[in-house]
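Colleague:
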Amino acid sequence: MERIDLDEMAPEELEFAIKQSKLLFRFNHTEPMSEEYASILNELLDGNIGENS
0 MERIDLDEMA PEELEFAIKQ SKLLFRFNHT EPMSEEYASI LNELLDGNIG ENS
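Here it is, written out as structure tokens:
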């Protein structure tokens, strides 16, 4: 398994990791099955969610 050193992350990767962490936090503190929940899930999965899911 490869070790990930955050000191060597490219600025773009770090920005993406921070954005994903914030989205995941919001997702975990959102009422399930709400429109906000679905919106955050869709953003987390980059729009790659199946039909009728």
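Note that my numbering gives residue 21 to position 22 of the sequence shown, counting from 1, and the numbers run on in steps of one.
Think of the CB as a built atom: it goes at the ideal place given N, C-alpha and C, for glycine as much as any other residue.
Taking 7 Å as the cut-off, decide whether the C-beta atoms of residue 24 and residue 39 are in contact.
Modeller: No, the pair does not count as a contact, with Cβ atoms beyond the cut-off.
Colleague: Relative to the C-alpha of residue 20, which residue among 1, 44, 48 and 50 is closest?
Modeller: Among 1, 44, 48 and 50, the Cα nearest to that of residue 20 is on 44.
Colleague: Relative to the C-alpha of residue 22, which candidate in 2, 7, 36 and 6 has its C-alpha closest?
Modeller: Of 2, 7, 36 and 6, the residue nearest in Cα terms is 36.
Colleague: Could you please give the first and the last residue of the uninterrupted alpha helix (DSSP H) stretch that includes residue 43?
Modeller: First-last of the alpha helix (DSSP H) with residue 43: 34 to 43.
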